Structures are given as C-alpha cells and as structure tokens.
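In our numbering, the protein residues as written are 11 to 331.
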C-alpha cells in the first residue's frame, strides 16, 4: 500500500481533494476554498506552480532539443491545431454545455510541464526534445489559448452568453505563466542546489500546489458539481475518446514524417498531454457557472496520465523484444 501511494500520490491526492470537498456536507472545506478564491488564492497558486516548474526544468538540455525540428513541429501541430479541431468534432455530439466547455478548455491548453517529459524519457524517447516542446508550447500559449478558446467556445451551442476578453486573458497569462516560468528558469541554478541540500523533490512541491488550485476550484463549483455527478460516466467516455484521438493523430503524423523510435515518443506524449492548472484557473475565472467543466478538466488529467502510463509500459516492452 505504501509503495502504491508513493508512486501514485498525485493521482490519489487529486481524487481525495476533489472527493472530500464534494462529500463534505458541512461545506467546511468548500468555505475555506471559496475564501481563498475571493482573496486572489488561484492567482498566487498558479504563479507558484509555474515558478517552481521553471526551477525544476533541466534547461541545459534545451540546446540539444533544438536539433529535431521535425518532431518539435509535429508535436506543436498536434497541440495547437489537431487538438482544437478534434474537440470541434466531438463537440458535435449532444453534450451537456458544461462538458462541452470543459472539452474546449482542455483542447486549448498547452502541454504538461513535467509528466510528459518524464514519460518520454521512460519510454526511450528524446527528453531534450520533449523539454523543448514544453517550453515552446507553454510560452506560445499566452497568445494561442485566448484565440483558440474564443474560436471554440464561440462555436458551442449554449455558451453564447460567455464573452472572452482576449487581450485581458493574454495579459493575465503573461503575468501568471510566462513571468513566473521565466523567473523560475532564471534562478534555477540556485534552487537546484537548495533542492539537493535539503533532499526536496521540486515536482512534489509543484504537485501540492496543483492539488491546492484544484481544491479551490472544486470549492467554488461544489453545488454545480454535486448536481452534475450523474454525468461522470459521460465524462470518462469523452475524456478517453479525446485523448485516444490525439494519440492516434500524433502517431499517424509521426509515421507520415518518418519519425521512428527514439523520436516519436516526444510527439506522442507532449502532443497529447494537457496541463491541468491553467485550465482550472481559466474555468474559475471565466466559466464558474459550469462546474461540470471543472469535473472534465480534473478527470481528463487523471485518466490521460493513467492511459499514458500504460502506453509507457507497452513501449518499454516493445524495446526489449
């Protein structure tokens, strides 16, 4: 049991944080979370997440990651082109408006900051290239997310009343994503030494902050989530279908461009994975009335990590054969 919790502590934490907040009938946990929501809690937590992500990135590998431009371009195409288009296709299904918003939120997001890089390496792929994709995608997201999200949500039936100020969202993302990420990378050498001396795993610190932002968001949307729990089976199916579609597209494009083993892995994992904290921040800021969207974002993160973990195992087995 201890080894299981040590290995899957983050996924376990996501389930516990969300489940306990929803199950607490006294709403004590939700009240504290809502207080933090009202006092700039999400902004501070998101700033911390991207700052500590910057301190944890192995940026000395970036230069070598530049060499495989074909894999980089393919992954970015999956992230910023294929993902929104696939979401539009799935959005034609008779979905609950909240689930549609959640789908579009996830589709507009850049790739993960750490899990994709780790899984790429574990599967025998080019971690330097995965890191390059991470940096390019997350800095580009300042400009792409507001535009893509406006395009997707504007096409969604039932979401006509939601207006997105693209300029304001770009400025907010620059302050809460690009600035802390850049600062974290800048002071990384100092923090790396501190982490080693204290025996601290920066990814664990970052994971705790992600759990905090999820808790705050669940607290704010608790009433809507409770009323929409019957949608959970639909969420699971939609999440699995969305992620499988991205994996299939990444694999097909990679094969088409002649990306073999050692190069294809970064396209698979970085192209299909989506960051959680940013989608949660935007949901709480722009779509608080759609608690179902938050459920989709959290479920997507849990399920796509489980699916990719299985894929890592299959790829490792394939390398041994």
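Using N, Cα and C, we set each Cβ at its ideal position, and we do this for glycine too.
Computed from a prediction, not measured in an experiment: that's the story for all the values here.
Is it right to say residue 55 is buried, meaning 16 or more other beta carbons lie within 10 angstroms of its own, or is it exposed?
buried
Any idea if residue 143 is buried or exposed, counting beta-carbon neighbours within 10 angstroms, 16 or more meaning buried?
buried
For residue 162, count neighbouring Cβ atoms within 10 angstroms of its own Cβ and tell me buried if that reaches 16, exposed if not.
buried
State yes or no: is the C-beta of residue 151 within less than 8 Å of the C-beta of residue 183?
yes
Under the rule that 16 or more other beta-carbon atoms within 10 Å means buried, what is residue 167, buried or exposed?
With a pLDDT of 40 at residue 167, under the threshold of 50, the modelled position of that residue is not reliable, and no figure is offered here.
Check whether chain C comes within 8 Å of residue 179, counting only Cβ atoms and requiring the distance to be less than that.
Protein chain content of the structure displayed is limited to a single chain, and chain C is not contained in it.
Below 8 Å on the Cβ atoms is my guess for residue 280 versus residue 126; work out the distance and round it to an integer in Å.
5 Å
I need the straight-line Cα distance from residue 12 to residue 153, nearest angstrom please.
43 Å
Using 8 Å for Cβ pairs, my map puts residue 366 next to residue 174. What's the rounded Cβ distance?
Absent from the model: residue 366. The displayed extent of the chain is 11 to 331, so no value can be given.
Report the option in 315, 102, 284 and 264 whose CA atom is closest to the CA atom of residue 277.
264
Would you call residue 156 buried or exposed, if buried means 16 or more other Cβ atoms sit within 10 Å of its Cβ?
Taking all protein chains in view, the Cβ of residue 156 is crowded by 16 or more other Cβ atoms within 10 Å, so the residue is classified as buried.
Select from 120, 284, 28 and 240 the residue whose C-alpha is nearest the C-alpha of residue 222.
It is 28.
Kindly list the residues whose CB is nearer than 6 Å to the CB of residue 297, restricted to its own chain and excluding five residues on each side of it in sequence; keep chain order.
Excluding the 5 residues flanking it on each side, residue 297 has same chain C-beta neighbours closer than 6 Å at 111 and 303, in chain order.
Could you have a look at residue 123 and say whether DSSP puts it in helix, strand or coil?
coil
Where does residue 315 fall in DSSP's three states?
helix
Check whether the Cβ atoms of residue 26 and residue 187 lie closer than 8 Å to each other.
Taking C-beta atoms as the reference points, residue 26 and residue 187 fail to come closer than 8 Å.
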